[in-house]
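Chemist: Please read through the structure below; I'll follow up with questions.
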Amino acid sequence: MHVSFPPGPRLPRLVQAARVTAGPYSWMQRRRERYGDVFSSYFPFFGRVVYVADPALIKQVFTGAPEVFHAGEANATVLGDALGEHSLLTLDEGRHLSQRKLLLPPFHGESVRRYVEVMAEATAREVERWPVGRAFALRPRMQAITLEVILRAVFGVRDDERMDRFRERIPRLGELSSVLDWLPFMQRDLGGITPAARFRRAVAAVDELIYAEIADRRALGVAASERDDVLTLLLSARHEDGSPMSDVELRDELMTLLTAGHETTATGLSWAFERLLRTPRVLARVVDSLEDDEYLDAVVKETLRVRPVIVDVARKLTRDVELAGWRLPAGTLVLPAIAAVHVRPDLYPSPREFKPERFLDGAAESYAWIPFGGGVRRCIGASFAQVEMRVVLREVLRRVRLRAPSARPERAQVRHVTVVPARGCRVAVTERVAEPVATDPVAATV
Ligand code: HEM
């Protein structure tokens, strides 16, 4: 069979890129309605890419041989080299698998429950600062919570001064990398004031703090092993040959966890509030049953279905592959179209309705609910993120009543590699709940 590509829009590359950026969900959903479950697109820098929006085909991609479907290589195109050569996100095949084995244990469902208290406390402190009666963007507030949680639960930072320095330096990374994402020709480090040079300096400033934390923890020796943050667990993890992780490996994985876990979870939370404040029936049910983990969990799942934080994930083919009758050449990027499969009416009746109850009646079909990707590359932070979203939603709604200044839904917009509410999820606190109902955050989520 000759090399062939599925149909797709014929618009110039830049026009297609501009349309995706301005309306990522609707762009992908309309392409599927028009061209079917497999369609092509052209983008600057990536060339021709192929989307798949059918669960059976998505399964084929996610369970395909890791030496043929390279996720690391595809991720590296977007994420650049700040993550380092050991990053779980940008490695493939054997090296990816061996890092993944080291990183998985601290992220198992059972293990992440130990972080519930850290999550609840970070939320309580943040909500205290919110003004009453004045509208503000919620997303930066959610970012402050998720950053604090990563620094405490994953990095294990306890020193207040170091915490403040991390808080100052990390946001610079996000600001600069989003410029570099969309202007890859700017990535050349010409020194001085170019965005690439400023980005490298911002990375170096965060690295300095990460290495200081690793050194302090190694110096603590046995006493350090009494802690239960992710870094502590990684310090005692061993490769198959019995060797410990090096400082550079630890740095690369901490930077990866920060990059993959901070903005994503904050954005998921922003969308959860954006949807809840525009669906009064669901909001009322959540507020009435804050102790009901099952319902909160369904709210989280439904949010990630209708407003997936990441609209697609990529695999780069290392050789020609036959998919749905097309023979795709080596080098093609194949992308499970998360945002399109999540609104298929055959899988989700009234697909655009925000209805958490659909997840109470049973789990979604495999490969039909894929906000965390799949296969050997499935997000290792999926449990962590879902527990965190549940805890933050509960702790916020226990303390304040919120309203959206406008009843109109916020538009979706691409920012960095995530899709965010265009106005940052504007909210206003209408009142503080005088005596937050006392709950034991740990008991409620276990
Ligand atoms: C709502 C929040 C989150 C969303 C929507 C999300 C989504 C994703 C997606 C779509 C992938 C790619 C999967 C694939 O290629 O099949 C991924 C990978 C990854 N995520 Fe998450 N993520 C979230 C939170 C987190 C958190 C909290 C952490 C850790 C603290 C994390 C760590 C990672 C890592 C390390 C990978 C790379 C896995 C690998 O390549 O083996 N993520 N995530």
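Add 906 to the 1-based position in the sequence shown for our numbering, that's all there is to it. Glycine included, each C-beta is placed from N, C-alpha and C at the ideal position. Just so you know, these numbers come straight off a predicted model, no measurement behind them.
Compare the Cα-Cα distances from VAL1219 to each of ALA1270, ALA1340, HIS976 and report the closest residue.
Modeler: HIS976
Chemist: What residues in its chain sit with their C-beta under 8 Å from that of ARG1184, if we drop five residues either side in the sequence?
Modeler: Excluding sequence neighbours, ARG1184 sits near PHE1260, ALA1310, ALA1313, PRO1315.
Chemist: Would you call the segment 1173-1183 and the segment 1329-1336 touching, i.e. three or more CB-CB distances under 8 Å?
Modeler: Contact between the segment 1173-1183 and the segment 1329-1336 is present, because at least three Cβ pairs lie under 8 Å.
Chemist: CB PHE945 to CB PRO912, shorter than 8 Å?
Modeler: yes
Chemist: So which residues put a beta carbon under 6 Å from any heavy atom of ligand 1, going in chain order?
Modeler: ALA977, LEU994, LEU995, ARG1006, VAL1060, THR1162, LEU1163, ALA1166, GLY1167, THR1170, THR1171, GLY1174, VAL1215, ILE1216, VAL1219, PRO1277, PHE1278, GLY1279, GLY1280, ARG1283, ARG1284, CYS1285, ILE1286, GLY1287, PHE1290, ALA1291
Chemist: Using the C-alpha atoms, what's the distance from THR1238 back to ARG954?
Modeler: 7 Å
Chemist: Could you tell me if TRP1088 is buried or exposed, where buried requires 16 or more neighbouring beta carbons within 10 angstroms of its beta carbon?
Modeler: With a pLDDT of 49 at TRP1088, under the threshold of 50, the modelled position of that residue is not reliable, and no figure is offered here.
Chemist: Between which residues of its own chain and LEU1253 is the CB-CB distance below 8 Å, once the five residues before and five after are set aside?
Modeler: PRO961, VAL1247, ALA1270, GLU1271, ALA1274
Chemist: Helix or strand or just coil, what does DSSP make of LEU1223?
Modeler: Strand at LEU1223.
Chemist: Counting only runs that start and end within the segment 1130-1168, where is the alpha helix (DSSP H) found for 4 or more residues in a row?
Modeler: 1136-1141
Chemist: Can you find the residues in the same chain that come closer than 7 Å, C-beta to C-beta, to PRO918, ignoring five residues on each side of it along the sequence?
Modeler: Closer than 7 Å at the Cβ level, and outside the excluded window around PRO918, lies no residue.
Chemist: Could you spell out where the beta strand (DSSP E) holding ALA1030 opens and where it closes?
Modeler: Looking at the DSSP string, ALA1030 is not in any beta strand (DSSP E); the run it does join, the alpha helix (DSSP H), is 1022-1034.
Chemist: Keeping to the same chain, check which residues put their C-beta closer than 8 Å to that of ASP998; ignore five residues upstream and five downstream.
Modeler: Excluding sequence neighbours, ASP998 sits near PRO972, GLU973, HIS976, ALA977, GLY978, GLU979.
Chemist: Tell me the DSSP bridge mates of ASP1218?
Modeler: ALA1243
Chemist: In the DSSP output, which residue or residues are listed as bridge partners for TRP1232?
Modeler: Answer is LEU1229, bridged to TRP1232.
Chemist: Considering only DSSP beta bridges, list what LEU1308 is partnered with.
Modeler: VAL1335
Chemist: Is DSSP giving VAL974 helix, strand or coil here?
Modeler: Coil at VAL974, not helix or strand.
Chemist: Considering only residues of the same chain and omitting the five flanking positions on each side of PHE1013, which have a CB-CB separation below 7 Å?
Modeler: Contacts found: ILE1286, GLY1287, SER1289, PHE1290.
Chemist: In the segment 911-978, which residue ranges form an unbroken alpha helix (DSSP H) of at least 4 residues, counting only runs that do not cross its ends?
Modeler: 919-928, 930-941, 961-968
Chemist: Would you check if the segment 1217-1235 and the segment 1160-1177 touch, i.e. whether three or more CB-CB distances between them fall below 8 Å?
Modeler: no
Chemist: Would you mind listing the alpha helix (DSSP H) stretches within the segment 1258-1305 that are 4+ residues and don't spill past its ends, in chain order?
Modeler: 1288-1305
Chemist: Give me the DSSP bridge partner(s) of VAL1320.
Modeler: VAL1325
Chemist: What is the DSSP secondary structure of VAL1038, counted as helix, strand or coil?
Modeler: strand
Chemist: Considering only the beta carbon of each residue, do ARG1300 and LEU1196 sit closer than 8 Å?
Modeler: yes
Chemist: From GLU1132 to SER1017, what distance separates their C-alpha atoms?
Modeler: If I take the Cα positions, the gap works out to 15 Å.
Chemist: Within this structure, are the beta carbons of PRO1011 and ALA1245 separated by less than 8 Å?
Modeler: no
Chemist: If we count the other Cβ atoms within 10 Å of its Cβ and call it buried at 16 or more, is LYS855 buried or exposed?
Modeler: It is not possible to answer for residue 855, since the shown part of the chain is limited to 907 through 1352.
Chemist: In its own chain, which residues sit with a C-beta less than 8 Å from the C-beta of ASP1203, not counting the 5 before and 5 after it?
Modeler: In the same chain as ASP1203, and ignoring 5 residues on each side of it, the C-beta atoms closer than 8 Å to its own belong to PHE1265, GLN1292, ARG1296, in chain order.
Chemist: How long is the line joining the alpha carbons of ARG940 and VAL956, rounded to whole angstroms?
Modeler: 15 Å
Chemist: Under a Cβ-count criterion, where at least 16 other Cβ atoms within 10 Å of its own Cβ denotes burial, should THR1173 be classed as buried or exposed?
Modeler: Its Cβ being crowded by 16 or more others within 10 Å, THR1173 is buried.
Chemist: Rounding to the nearest angstrom, what Cα-Cα distance links GLU1032 and GLY1268 in this structure?
Modeler: 34 Å
Chemist: Looking at the secondary structure, which residues open and close the alpha helix (DSSP H) in which ASP1199 lies?
Modeler: 1199-1212
Chemist: Would you decide whether THR1162 is buried or exposed? Buried here means 16 or more other CB atoms lie within 10 Å of its CB.
Modeler: buried
Chemist: Which of helix, strand or coil does DSSP assign to PHE1091?
Modeler: With a pLDDT of 47 at PHE1091, under the threshold of 50, the modelled position of that residue is not reliable, and the figure given next carries that caveat. Residue state, collapsed to three classes: helix.
Chemist: If I'm right that ILE1076 touches ILE1276 with Cβ under 8 Å, what's the distance once you round it to whole angstroms?
Modeler: 28 Å between Cβ atoms; not a contact.
Chemist: Please state whether the Cβ-Cβ distance between GLY1062 and THR1138 is less than 8 Å.
Modeler: yes
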